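Worksheet: one structure, shown below.
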Amino acid sequence: MSDFLTSIGYGQWILNTLILLPLIGILPIALLPAARARQVALAVTCLELVLSLGLWWAFDPATTAMQFSVTAPWLGAWGISYTLGLDGLSLFMVLLTTLIMPLAVLSSFKYIEQRERLYYGLLLALLTGMLGVFLALDMFLFYVMWEVMLIPMYFIIGIWGGKNRLYAAIKFFIYTMAGSLLMLVAIIVMMFQVWKHTGTPSFAYEQFLAVAPQLGGLAPWLFLAFAIAFAIKVPIFPFHTWLPDAHVEAPTAGSVILASILLKMGTYGFLRFAVPFFPEVALSPAVTSIVVALAVIGIVYGALVAMVQPDIKKLVAYSSVSHLGFVMLGIWAATLQSVQGALMIMIGHGLSTGALFLLIGMLYERRHTRQIADFGGLARVIPVFSLILVVTSLASIGLPGLNGFIGEFLVLVGSFGRYPWATGIAATGVIFAAAYMLWALQRILFNKLDKPENEHLADLTPRELVVVLPLVAGMIWLGLYPRPVLDRMDAAAKNYLHLVQPGLERGSASTTAAAPEARP
Amino acid sequence: MTMVFDPATPAGQTVALLPEVVLSVATLAVLLVISFRHDGPGASRRAGWLSLASLGLTAVALLWLSFNVPEDTGIGQMIALDGFRFVGSALILLVTAGSVLASLGYLEREQLVAPEYYVLMLLATIGMLFMVNAQDLIVLFLGLETMSVAVYVLAGYDRRSAFSAEAALKYFLMGAFASGFLLYGIALVYGAAGSSNLVFAGAQFAQGSLSTMARLGLGLLVIGFGFKVAAVPFQMWAPDVYDGAPTPVSGFMATAVKTAAFVALARVLYTSFSGSVVEWQPVVFGLAVATMVLGNLVALVQKSLKRMLAYSSVAHAGYLLAAIWPGSAVGVSAMTFYLLGYGLTTIAAFALLGALGRGGERELTLADVGGLAETRPWMSFAFAVCLLSLLGFPGTIGFIGKWYIISAIVASGHPLLAVLLVITSIVSAGYYMPVIMAMYMRPARAPLAYHDRGLAGTARVAVAFSVVLILALGVWPVQLLELADGAAASLAQTASQATGGQ
């Protein structure tokens, strides 16, 4: 396979193609009749998926260097270039994105009935933006992609969303933008530091990485600017309040993309930028205790709030807050297991929560309600749907044999040595997750079939099966045989640990040094 | 390059003023034509097209002049011959052409057909060109007054509207007041420097710290310009005037007048007071912060879209002041580039506003543009692009402009103003985004308010041109950034004549 890929020069054109193809796809959508829009969008996203699959084989797991890099000058006088590249960190985010998008398109066929051209055009623009965020190795380009992606999502929530969509859309937009504009200032400040130290202006990622240790007193402020932007996106408690609104009000495809991909941008930002740039700030005792505390609060709070939600979509939305807390804990614990676990949760959460939102969407299309109380006994009426929902929920809970388990287990094992107390509390989140998920399943699928409206629901159609089965297959595969995935992220995880090493050393040095002084 | 003309001779001076001479002659020609054919919409339309032709001729003259500037222009001419002037003049011609295009259909619809309108616009443009080329405070003042008097009349052009009359009167009184400040400042600077020439004054002020008289003169000059660019706390006339004036005139004031005033202000500060940056930096800092904060916060609570755009243009004056603040060439470059982006966007935004409303557009609110995307997808798209550009969203020229201003501020080593700039920009999302939201996400209000008519043909050209440029330059601004850099460098060179050539 990799020989074939080399023979067609795959590495040289793949990243450009992935970024540009969706934009080119917007053209036929604009020109063809509205009824054709969905077909074009499906064709383009499927093509993206097929093309991106080659990355799996072409990717060299042994190296930490950026692969398939392409670069072109943009604003040369300011050191801005169009530079893309991919490593073990971004590989899975890209594959997740290209996998989710055709499913999101397919799941919209019935749900989206008006202004289809605009809708599918926005989805394709969103695809370019999301891939751009994961692939950009130029900080200016990264920022542009990070922001550009907001607009399609804003429209998708605001036009095709639920009852309270306008509020949710503007809240999503302003929260995210407020965080990221300060990051723009931080990026520009760092660029001038690069300029000062090397004599040439550059927005290149490696240059930023190289200059970051020499920033001295600026570092905490710059870290803060980056961290707020990413924390809002993750979202870390207490910046999470936009999430339930946006997830619940968005149309199914919007919720799926938000949960599966957009949230990962925050944690990706921490892994790629915020922590490696400023390890000594990020892993200093003060910042660490704040972040770990917020992560644990997020885990427990998200789970507890999920438990009392009457709306199943809101339940899943809050469960995301809980799951992403594990990712943050894993990133900050900075051991090989915890980082690999964090990456595994990022992938696994993308699959299982994406699937959950898709299933909820399918249920909503049939019953036009999402209240848990309106259901009951569905397992007897729609057995296939119920089976898939059970499997997906169990994956989300972290049942061994399914994807959720690997990630959470690795995070807990990896973090326990460093933060035993926090990890202990976080582990209760797993129990709460079982509680809210299984309780919800019981009320929806089992119990008594006491509502006459539920007696004649139709089971999943072939189209809907095509939408969810790839995700279920992915969950089982990741749960049973995660080795190939772990191999491919191994180098990236080690590279992350190598980059944050100065922070770990300093953190442990200061705790041992401070300990004797603390005694009276 | 061969010496085409010698600016030191009277004939050379005339050549140095070629664009202004061409425009003046053309304006008189238009005036002659309309005095013969005055009645009806046909005559008004003809005057509009002739004005466009005049602006085109002026642009050709400007282009010729910019390529034939003698290498040694001599020190201390009254008329600048640097790239900064040429770029500033080109900007003014561009936004004036946009205003004329936006006016053509608008005046007929509002039954304001009188061909003098266009002559007034051309007269104002002549004044602006002089403000931009002035290297002498007296020339600057003459240009400013020529411009102001014409714009006072334009603001009150809708004689049937009490608000238009109010706008004109308010603008006139405030403008006269501001001119007083400016003139007093000029007198004091002259007294302190012994010359009204910017370069000679700069040479004088470069030696040691400023005298009290010079400092007072500088302060009064800044106040005078503060009125003209509507910087807080000298902004109180602006919302009422922008609101009451016919919409294309509001667009003209928000772009051309602001451009001329900012270019002139930058020239005065950078040529005469380049040695005393620390003296004026705190003042500009305070003005910029106050303008950004107040402009954005007050825009947030406006109900009328026209008033919202008026306050937004106040906020943008704050961003432009922030670009001047670092006192560096890159700051001037950022200001120049931002003026272009802001000018293109604002002209298009006011043209669209004019097409959406009726009777001066004072009553147009968010509810009136509800559901516009269903009936007028292209207009909504254009308006959305304009608003995103004003917000400074990536992919539009507004983002490149804001990025450049932030870079200029950060380059000075004190990023505080940049942080304040982005925080106020976040506030601005609170009033730009609801308009987009209304157009795309809210249902249309019944009965449809004025959705029957779209943009008139000429305004459509102006808007389409602007939107294409907003997007194209948002992705590929390289050449324009270079142009702005060149303009700023030439101003810095002129300034160094003052400080280095003593």
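Protein sequence lines, in the order shown, are assigned to chains A and B.
Each residue of the first sequence is one higher than the last, beginning at 9 in this note's numbering.
Each residue of the second sequence is one higher than the last, beginning at 1289 in this note's numbering.
The beta-carbon is built from N, C-alpha and C at its ideal position, and this holds for glycine as well.
Nothing here was measured: the structure is a model prediction, and the numbers come from that model.
- For the stretch 1656–1687 of chain B, the set of residues with a beta-carbon nearer than 7 Å to any beta-carbon of chain A comprises F1681, P1682 and G1683, in chain order.
- Sequence-distant Cβ neighbours of I269(A) in its own chain, meaning closer than 7 Å and more than five residues away, are L104, T105, I108, M138 and G358.
- For the alpha helix (DSSP H) assignment, the uninterrupted runs of no fewer than 4 residues enclosed by the stretch 1531–1579 of chain B are, from N- to C-terminal side, 1535–1540 and 1546–1555.
- A straight-line Cα-Cα distance of about 41 Å links L1470(B) and W203(A).
- Excluding sequence positions up to five before and after A80(A), its CB lies within less than 6 Å of the CB of Y90, all in the same chain and listed in chain order.
- Y1728(B) belongs to the set of residues whose beta carbon lies under 8 Å from a beta carbon in chain A.
- Taking 8 Å as the threshold, the shortest C-beta distance from G166(A) to chain B falls below it.
- Counting the other Cβ atoms within 10 Å of the Cβ of H255(A) gives 16 or more, which makes it buried.
- In this structure, S1716(B) sits near L1679(B), with a CB-CB distance shorter than 8 Å.
- Taking Y151(A) as the centre and dropping the five residues before and after it, the same chain places the C-beta of S188, M191, L192 and I195 closer than 8 Å to its C-beta, in chain order.
- Secondary structure note for T1346(B): its alpha helix (DSSP H) is the uninterrupted segment G1328 to F1355.
- Among the residues facing chain B, M483(A) is not included, as its CB has no counterpart in that chain under 8 Å away.
- Separation of the CB atoms of K241(A) and M199(A) is rounded to 22 Å, and the pair is thereby denied contact status at 8 Å.
- The Cβ atoms of S1387(B) and F1540(B) lie closer than 8 Å to each other.
- With contact defined as three or more Cβ pairs closer than 8 Å, the stretch 474–493 of chain A and the stretch 359–368 of chain A are in contact.
- Excluding the 5 residues flanking it on each side, Q1569(B) has same chain C-beta neighbours closer than 7 Å at W1613 and G1615, in chain order.
- Listed along chain A, the residues sitting closer than 7 Å to P1703(B) by beta-carbon distance are V193 and V197.
- The C-beta of I1714(B) comes closer than 8 Å to at least one C-beta of chain A.
- Contact with chain A is absent for I1511(B), since none of that chain's Cβ atoms lies less than 8 Å from the residue's Cβ.
- In the structure shown, Y504(A) adopts helical secondary structure according to DSSP, grouped into three states.
- Sequence-ordered contacts of the stretch 83–96 of chain A with chain B read L83, G84, A85 and W86 [C-beta pairs closer than 8 Å].
- For E121(A), no Cβ of chain B is located within less than 8 Å of the residue's own Cβ.
- L1305(B) carries a coil assignment under DSSP once its states are collapsed to helix, strand and coil.
- Listed along chain A, no residue sits closer than 7 Å to V1545(B) by beta-carbon distance, the nearest being about 29 Å off.
- Contacts between G1718(B) and chain A, judged by CB atoms closer than 9 Å, involve I178 and I182 in chain order.
- Where S292(A) is concerned, there is no enclosing beta strand (DSSP E), because DSSP gives it neither an H nor an E.
- Residue pairing of S89(A) in beta bridges, as defined by DSSP: P81(A).
- The straight-line gap separating the alpha-carbon atoms of G1362(B) and N1421(B) is approximately 15 Å.
- For S1592(B), the three-state secondary structure derived from DSSP is strand.
- One Cα belongs to M1725(B), the other to F180(A), and the distance between them is close to 13 Å.
- In the structure shown, the three-state DSSP call for F76(A) is strand.
- Annotated as proximal: P69(A) and R496(A), with beta-carbon spacing under 8 Å.
- For A237(A), the enclosing alpha helix (DSSP H) starts and ends at A227 to K241.
- Contact check for F211(A) against G84(A) fails: the beta carbons are separated by 8 Å or more.
- Not a single CB atom of chain B sits nearer than 8 Å to the CB of M161(A).
- Taking a beta-carbon distance threshold of 8 Å, M1725(B) counts as an interface residue toward chain A.
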